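Peer 1: Chains S and L, in that order, are what the protein sequence lines are. Just so we're aligned, residue 89 is where the first sequence starts under the numbering used here, counting upward by one. Just so we're aligned, residue 88 is where the second sequence starts under the numbering used here, counting upward by one. Here it is: the structure, laid out below.
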Amino acid sequence: MSLPISPDVVAGNASSNPAVKTVWAQLLARPLALIGLFFVAVTVLGAVFAPWLTAFEPNEQMFDGLSIEGAPMPPGETFWLGTDLLGRDLLTRILYGARTSLIIGIAANGIALIIGTFVGVVAGYFRGWVGAVLMRFTDLMMAFPALLLAICLAAVFSPSLWIVAMVIALVYWVQTARVIFTQTSSLAEREFIDAERALGASTSRILLRHILPHLVPTIIVWGTLGISTTVLLEATLSFLGVGVQPPTASWGNIIFENQTYFQAAPWLVFFPGVAILALALGFNLVGDAMRDILDPTQRGRD
Amino acid sequence: MPAYIFRRLFQAALILIGVSFITFALLYLLPADPVRQIAGRSATAQTVENIRQQLGLDQPFVVQYWRYLTSLLQGDLGRSYLQKSEVTELIAARLPASLLLMVAAIGCELVIGLTMGIVAALRRGSITDQSLMVVSFVGVSAPQFVVALLMLYFFSVRLSWFPIGGYGTWQHLVLPAVSLGIMGAGWYSRMMRSSMIDVLRQDFIRTAQAKGLAARKILIGHALPNAILPIIAMIGIDIGLFMGGIVVIESVFGWPGIGQLAWQAIQRVDIPIIMGVTLVSACAIVIGNLLADMITPFIDPRIKLR
Numbered sequence: 089m090s091l092p093i094s095p096d097v098v099a100g101n102a103s104s105n106p107a108v109k110t111v112w113a114q115l116l117a118r119p120l121a122l123i124g125l126f127f128v129a130v131t132v133l134g135a136v137f138a139p140w141l142t143a144f145e146p147n148e149q150m151f152d153g154l155s156i157e158g159a160p161m162p163p164g165e166t167f168w169l170g171t172d173l174l175g176r177d178l179l180t181r182i183l184y185g186a187r188t189s190l191i192i193g194i195a196a197n198g199i200a201l202i203i204g205t206f207v208g209v210v211a212g213y214f215r216g217w218v219g220a221v222l223m224r225f226t227d228l229m230m231a232f233p234a235l236l237l238a239i240c241l242a243a244v245f246s247p248s249l250w251i252v253a254m255v256i257a258l259v260y261w262v263q264t265a266r267v268i269f270t271q272t273s274s275l276a277e278r279e280f281i282d283a284e285r286a287l288g289a290s291t292s293r294i295l296l297r298h299i300l301p302h303l304v305p306t307i308i309v310w311g312t313l314g315i316s317t318t319v320l321l322e323a324t325l326s327f328l329g330v331g332v333q334p335p336t337a338s339w340g341n342i343i344f345e346n347q348t349y350f351q352a353a354p355w356l357v358f359f360p361g362v363a364i365l366a367l368a369l370g371f372n373l374v375g376d377a378m379r380d381i382l383d384p385t386q387r388g389r390d
Numbered sequence: 088m089p090a091y092i093f094r095r096l097f098q099a100a101l102i103l104i105g106v107s108f109i110t111f112a113l114l115y116l117l118p119a120d121p122v123r124q125i126a127g128r129s130a131t132a133q134t135v136e137n138i139r140q141q142l143g144l145d146q147p148f149v150v151q152y153w154r155y156l157t158s159l160l161q162g163d164l165g166r167s168y169l170q171k172s173e174v175t176e177l178i179a180a181r182l183p184a185s186l187l188l189m190v191a192a193i194g195c196e197l198v199i200g201l202t203m204g205i206v207a208a209l210r211r212g213s214i215t216d217q218s219l220m221v222v223s224f225v226g227v228s229a230p231q232f233v234v235a236l237l238m239l240y241f242f243s244v245r246l247s248w249f250p251i252g253g254y255g256t257w258q259h260l261v262l263p264a265v266s267l268g269i270m271g272a273g274w275y276s277r278m279m280r281s282s283m284i285d286v287l288r289q290d291f292i293r294t295a296q297a298k299g300l301a302a303r304k305i306l307i308g309h310a311l312p313n314a315i316l317p318i319i320a321m322i323g324i325d326i327g328l329f330m331g332g333i334v335v336i337e338s339v340f341g342w343p344g345i346g347q348l349a350w351q352a353i354q355r356v357d358i359p360i361i362m363g364v365t366l367v368s369a370c371a372i373v374i375g376n377l378l379a380d381m382i383t384p385f386i387d388p389r390i391k392l393r
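And the structure:
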C-alpha cells in the first residue's frame, strides 16, 4: 500500500513539484476523472458565485412564487427550476445549498481525517497499551450504527452548521483511523525507520518527516472519497430534520421541507437530489482516479 | 476454532457494554427532558417530580447506568416511557419486518451487483465495462432517500405498479428493498469486477483453459466460486450500513420495522427504545463482523484464525 514517495511531495511547492504535476496530468488524462472534476467545479463555482448567478434571495418568498391555489410553481421562465412550498426560487436555494454541502463536506471530512490520522498513526507507531486502547476504542466505534449515532448526537446538541460537521466527523473518523493504523504499523517495522531510530532521531522527527510523508497518498485518496460520504451523510441528516436547520438552505433540508408536496411537485425532490448525486459522484470519480494513480498495487486492474 | 469463537464472543460482549455506556451517557446529556415529554405541557411541577422519581431519573448518572446494565445483563431492556410496554416486546414485534427488508435488500445487492461485476470483468476494457462502472459509481453516490422518493413517484404515483407505502405483500417490499440495496449493489459490482479479474488471472484458470474445458464451465465451476466468496464476507461487514439505511428507508415507506421505531423514539426522546435499538443494531454489526471473519479461512485457506 505504501509508496516510495519523496518527502518533498508534501514540503514542495505544488505548482513546481514534478510529482504533483504528473499526478495532475494523469488525472486529466482520465475521462472519468474529468467528468468528476467537472461536477465538482460546477458545484464550487455555483456556491461561490451564487449571489451573481441568480436574481433572487435564498429566503425571499416571492409574491408570484405560488400559484393562485397556493401551490409551488413548476419550472418555467421566471423560476427556472420552479419554486418551493413557501414560494422561494428553487434554483437560488440549490445554489446557496451548495455552500452548505461543500462547507460541511470539507469541514467534517477534514476533522475526521485529522482525528483518524492522529489516532491511526499514534496507535500504529506506539504499540503497547496506548495502541491497544486506541484500537479497542476504534473497534467500539465501528460497532455503532453510524447513522443512528449521528442522529442521536445531532439530537443531543441542537444542530447548527458546525455542529452537524462535528457530528459527522465524530462518526466518520473511524474508517480513516483503521486504514492509517494498518499502514503505519507496517511502516514502523521497515528498515529505514529502524535506521532513523539507530541514528538517534527523535520520535516527532520520525513521525513527521518519515511516517507522515508516506501516508500522504492514502490521506489524499481517503480525503477525496470521504467528501462524498460526508456530503451524503449531511444530506441524510438534514432530510430527517436533524441536520442543517431551515431557513438555511441545504440540499437535504430542501427535500425535507417539501417532502409532503412531492407527489404534486416532484421537481422539489428531483433537482436537489440530482445536485447531491452530482457532487457525491464527482468526488467519488476523482477519488477513485487518485487511488489508481497513487496506489501502485491497484495498477493494472483497469 | 471453538477457542477463537469463544474469545471473539467475549470481546463482542465487552464491545456491546461499551456501546451501551456511550449511548447511555449521550442520552443522559440530552438537553430535552424525557419527563417533560411524558408529563405533557400542562403538568404541575409536582407531577413532573413524581414521574422523575418513579423512573429513577433523579438518581445520579452512575446509579442509573448501573441499574440499566444489571437489568440488561438479564435480558431486560426496560420499559418505553411513552408506549408503556416492554422495549424487548416492541423490538421483537418489529424485528421480523426489518429482517425481511434487509434480506430482500441484500438479495437485490447481490443480484444487481454481482451480475454487473461479472459482465464488466468478462468484457474488461470495453464500452460495456466502462458504462457499467459509471452506473456503479452513480449507485454508490445516490442518496438513499432521494432514490426512495423518486422511485415512489415514478412507480407508485405515476405508474401505480406498487403501493405508496405500508407492509404486507411482496409488492410492498420491492421499492424499499431496491432503494436500500442500490448503494451496496454499486460497491459490490466494483468489488466483484476486480475479484473476478484477479481470479481469471490465476494459474488454475489457465490450467482449466489448457485442458480444453468449455468457457462456461470454467466460469461457473472455477472462476465464480472463488470470486464470490470475498464479496459474501463483505455482507457481514456491511450490516452497519444497513442498520443506518433502514432508519431512512423505513421512515420514507412507512415500513413498520425497528428503524422506524428508533426514529419515532428519537423524536419523542423515548430513551429506553433508543438504547434498545442501538444495542440490537450494534449486536447485529458485531455478529456480522464475526461471521465475515469466520468465512475468511474458507476463502483463503492460508489464513488461519488466531
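Just so you know, even glycine gets a beta-carbon here, dropped at the ideal spot from N, CA and C. Nothing here was measured: the structure is a model prediction, and the numbers come from that model.
With the cut-off set at 8 Å, would you say Asn341(S) and Leu356(S) are in Cβ contact?
Peer 2: no
Peer 1: To the nearest angstrom, how far is it from the Cα of Ser185(L) to the Cα of Asp282(S)?
Peer 2: Ser185(L) and Asp282(S) have their alpha carbons spaced roughly 52 Å apart.
Peer 1: How about Leu228(S) and Ile102(L): do their beta carbons lie closer than 8 Å?
Peer 2: yes
Peer 1: Can you find a CB in chain L that lies within less than 8 Å of the CB of Val209(S)?
Peer 2: Under the Cβ distance rule, Val209(S) does not count among the residues neighbouring chain L, no pair being separated by less than 8 Å.
Peer 1: DSSP beta-bridge partners for Leu154(S)?
Peer 2: Note: Leu154(S) sits in a beta bridge opposite Pro160(S).
Peer 1: List in chain order: all unbroken alpha helix (DSSP H) runs of 4+ residues lying wholly within the stretch 290 to 361 of chain L.
Peer 2: The DSSP assignment places complete alpha helix (DSSP H) segments of no fewer than 4 residues inside the stretch 290 to 361 of chain L at 290 to 297, 311 to 340, 345 to 354, in order along the chain.
Peer 1: Run the proximity test for Leu311(L): is its beta-carbon closer than 7 Å to any non-hydrogen atom belonging to the ligand GTP?
Peer 2: Ligands are entirely absent from the displayed structure, and the ligand GTP is therefore not among its contents.
Peer 1: Can you list, in chain order, the residues of its chain with a C-beta nearer than 8 Å to that of Gln146(L)? Leave out the 5 residues immediately preceding and following it.
Peer 2: Arg154
Peer 1: Chain S beta carbons: is any one of them nearer than 8 Å to that of Ile361(L)?
Peer 2: yes
Peer 1: Mind the definition here: the stretch 261 to 272 of chain S touches the stretch 209 to 218 of chain S only if three or more C-beta pairs lie below 8 Å; say whether that holds.
Peer 2: yes
Peer 1: Any idea what DSSP makes of Glu176(L), helix, strand or coil?
Peer 2: helix
Peer 1: I want to see whether chain S comes within less than 8 Å of Gly73(L), judged by CB atoms only; does it?
Peer 2: The structure shown does not extend to residue 73(L), since chain L is modelled only from 88 to 393, so the question has no answer here.
Peer 1: Grab me the residues of Trp310(S)'s own chain with a C-beta within less than 6 Å of its C-beta, minus the 5 sequence neighbours each way, in chain order.
Peer 2: Here the set comprises Thr264.
Peer 1: Given that a residue counts as buried once 16 or more other Cβ atoms are within 10 Å of its Cβ, and exposed if not, what is Tyr115(L)?
Peer 2: By the neighbour-count criterion, in which a residue is buried when 16 or more other Cβ atoms sit within 10 angstroms of its Cβ, Tyr115(L) is exposed.
Peer 1: Any C-beta of chain S sitting closer than 8 Å to the C-beta of Tyr240(L)?
Peer 2: yes
Peer 1: Mind listing the chain L neighbours of Pro354(S)? Cutoff is C-beta to C-beta under 7 Å, in chain order.
Peer 2: Those within 7 Å of Pro354(S) in chain L are Tyr240.
Peer 1: Does the stretch 162 to 171 of chain S touch the stretch 231 to 249 of chain S, meaning 3 or more C-beta pairs lie closer than 8 Å?
Peer 2: no
Peer 1: Can a CB atom of chain L be found closer than 8 Å to the CB of Ser326(S)?
Peer 2: no
Peer 1: Which residues in the same chain as Leu241(S) place their Cβ atom closer than 6 Å to its Cβ, once the five residues preceding and following it in sequence are excluded?
Peer 2: Val255
Peer 1: Could you pull out every residue in the same chain whose Cβ sits closer than 7 Å to the Cβ of Leu159(L), ignoring the five residues on either side in sequence?
Peer 2: Ser107
Peer 1: Please classify Val262(S) as buried or exposed, where buried requires at least 16 other C-beta atoms within 10 Å of its C-beta.
Peer 2: Taking all protein chains in view, the Cβ of Val262(S) is crowded by 16 or more other Cβ atoms within 10 Å, so the residue is classified as buried.
Peer 1: Anything in the stretch 307 to 321 of chain S with a Cβ closer than 7 Å to a Cβ of chain L? List those residues in chain order, please.
Peer 2: Ser316, Leu320
Peer 1: Taking the alpha helix (DSSP H) that Lys171(L) falls in, what are its first and last residues?
Peer 2: Here Lys171(L) belongs to no alpha helix (DSSP H), and DSSP marks it neither H nor E.
Peer 1: Taking 8 Å as the cut-off, decide whether the C-beta atoms of Tyr260(S) and Ala352(S) are in contact.
Peer 2: No, the Cβ-Cβ distance between Tyr260(S) and Ala352(S) is not below 8 Å.
Peer 1: Taking Thr318(S) as the reference, give the member of Thr166(S), Ser248(S), Val130(S), Phe371(S) with the closest Cα.
Peer 2: Phe371(S)
Peer 1: Just the C-alpha distance for Phe248(S) and Ile192(S), rounded to the nearest angstrom, thanks.
Peer 2: The sequence given here places Ser at residue 248(S); Phe does not occur at that position. Rounded to the nearest angstrom, the two C-alpha atoms are 11 Å apart.
Peer 1: Under the rule that 16 or more other beta-carbon atoms within 10 Å means buried, what is Ser326(S), buried or exposed?
Peer 2: buried
Peer 1: According to DSSP, which residues form a beta bridge with Thr171(S)?
Peer 2: Asp177(S)
Peer 1: Do you know offhand how far Ile113(S)'s Cα is from Leu373(S)'s?
Peer 2: The sequence shown places Ala at residue 113(S), rather than the Ile named in the question. Looking at the two C-alpha atoms, the distance is approximately 16 Å.
Peer 1: Report all residues from its chain with a CB closer than 6 Å to the CB of Leu91(S); omit the five preceding and five following residues, and keep chain order.
Peer 2: Its pLDDT being 46, under 50, Leu91(S) is placed unreliably by the model, and the measurement read from it follows with that caveat. For Leu91(S), where only same-chain residues beyond five positions count, the Cβ hits under 6 Å are Pro305.
Peer 1: Keeping to the same chain, check which residues put their C-beta closer than 6 Å to that of Glu337(L); ignore five residues upstream and five downstream.
Peer 2: Excluding sequence neighbours, Glu337(L) sits near Gly344, Gly346, Gln347.
Peer 1: Please report the Cβ distance between Val339(L) and Ala349(L), rounded to the nearest whole angstrom; I am assuming they are in contact, meaning their Cβ atoms lie under 8 Å.
Peer 2: Not really, about 14 Å apart at Cβ, beyond 8 Å.
Peer 1: Would the stretch 224 to 233 of chain L and the stretch 296 to 304 of chain L be scored as touching if the rule is three or more Cβ pairs under 8 Å?
Peer 2: no
Peer 1: Along chain S, which residues have their Cβ under 8 Å away from the Cβ of Ile102(L)?
Peer 2: Asp227, Leu228, Ala231
Peer 1: Given this structure, state the Cα-to-Cα distance separating Val97(S) from Leu377(L), to the nearest angstrom.
Peer 2: Because the pLDDT of Val97(S) is 44, which lies under 50, any placement of that residue in the model is unreliable, and the question is left without a value.
Peer 1: When the cut-off is 8 Å and only beta carbons count, does Asn372(S) lie next to chain L?
Peer 2: Against chain L, the CB of Asn372(S) has a partner CB under 8 Å away; the residue lies at that interface.
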